[in-house]
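Numbering (our numbering), first residue to last: 10 to 391. We put the CB at the ideal spot given by N, CA and C, even for glycine. Note that this is a predicted model, so its numbers are computed, not measured.
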């Protein structure tokens, strides 16, 4: 009969050889209740070793399901795994359950499944009177509702959590929840409440040590809100601080977030018409060597078009990089305004020397259909 330690090594070997189904069966056998009971009968030291191996098996099996992209199995496994965690210390249960749920983020198109798993895990926490775990999972659930654009559900959870954390004077949790609240209100276009929530988050953060990721998120949100106020100089300084933080992180999404913030840094410089600064950022060593993406290429194309005052090039960039530019609310709203400014300056430059012009001639020069040109000219002459 194989010992648990050797079975764990066997499972890892099978994973390395990409024999995922066989590895899954070995991990499940390590979590088998009968095996657990027979090991427990052997003594306390064996029992401790068994618990450690079960913890490792749960985490590695969760990672295996992520690697396989088996979201249905992961959805079923995480709530079921709480049965094994009953014998763990409370702090270990929190760690293991949170790690499994965070791993789920790496599975594409799994938001609904993550919400289901989070709700089931909160039920477990309530049933076992694990208050800290319940609070932690509730923050995660509120975040998932926000990502799913279920803002009403997210705010309902946020309001409950804020009441509890204020009673407990739990500053780290208040920072996280106020920051999330700021994001939700920003999506709802209630900028006044978004700013108030961000101020509350920063106030709570001032009296404690904040993890680098939280600092990066706070700076990013500050930059976004200053961008909304068209204070692009201040926005850039916050984006730069946020970028530095993400650049120094090694989480699974830190590269993606750094690229997003770098894109916003470039947006700020474009809106300030500081195209030379855009070029300097694009030619910087960290951009060239580390941060190459379609989002960055999109900003480069827009900057060149805006610098040349070419509406045709601007339109080409918007079409070529539609997902990167128009799929992001912040860049979309600002580039719509930039487009209008560029269109007006192009029209003025063309019609200024003439007393009478043909709409069809202007539309050919600019590269737009006659209805768009006529509509813009009629708006400008009102």
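| Asked | Found |
| --- | --- |
| Residue 271 to residue 248 span [Cα, whole Å] | 7 Å |
| When 160, 261, 127 and 241 are compared against residue 392, the one with the closest alpha-carbon | Lying before the first or after the last residue shown, residue 392 is absent from the chain, which here runs from 10 to 391. |
| Residue 162 to residue 154 span [Cα, whole Å] | 6 Å |
| Whole-number beta carbon distance between residue 133 and residue 103, since they are thought to touch under 8 Å | That belief does not hold up - the Cβ atoms of residue 103 and residue 133 are roughly 11 Å apart, past 8 Å. |
| Beta-carbon proximity of residue 16 to residue 35, cut-off 7 Å | yes |
| Spatial neighbours of residue 80 in its chain, beta-carbon cut-off 7 Å, leaving aside the 5 residues before and after | 116, 119 and 122 |
| Inside the stretch 84 to 139 only - alpha helix (DSSP H) runs reaching at least 4 residues | 99 to 113 and 120 to 136 |
| Exposure of residue 89, with buried meaning 16 or more beta-carbon neighbours within 10 Å | exposed |
| Bounding residues of the alpha helix (DSSP H) (the contiguous stretch that carries residue 210) | 200 to 214 |
| Sub-7 Å separation of residue 267 and residue 252 beta-carbons | yes |
| Residue 78 versus residue 41: straight-line alpha-carbon distance, rounded | 24 Å |
| Ranges of the alpha helix (DSSP H) found wholly within the stretch 233 to 310, counting only runs of at least 4 | 241 to 256, 263 to 280, 284 to 292 and 294 to 298 |
| Neighbourhood of residue 143 by C-beta distance below 7 Å, restricted to the same chain and skipping five residues each side | 131, 134 and 135 |
| Integer-rounded CB distance, given that residue 347 should sit under 8 Å from residue 300 | Not a contact, Cβ separation roughly 23 Å. |
| Inter-residue spacing [alpha-carbon to alpha-carbon] between residue 380 and residue 214 | 53 Å |
| Short Cβ contact (7 Å threshold) for residue 383 with residue 360 | no |
| Rounded C-alpha distance that separates residue 26 from residue 180 | 46 Å |
| Residue 129 versus residue 28 - alpha carbon distance | 30 Å |
| Where residue 349 sits in the DSSP three-state scheme | helix |
| Simplified DSSP assignment, three categories, for residue 366 | coil |
| Test item: CB-CB of residue 207 and residue 191 under 7 Å | yes |
| Close-in-space but distant-in-sequence residues of the same chain around residue 372 (CB under 8 Å, 5 per side omitted) | 378, 379, 381 and 382 |
| Span of the alpha helix (DSSP H) around residue 322 | 320 to 329 |
| Sequence-distant residues of the same chain with beta carbon closer than 7 Å to residue 164, five excluded per side | 193 |
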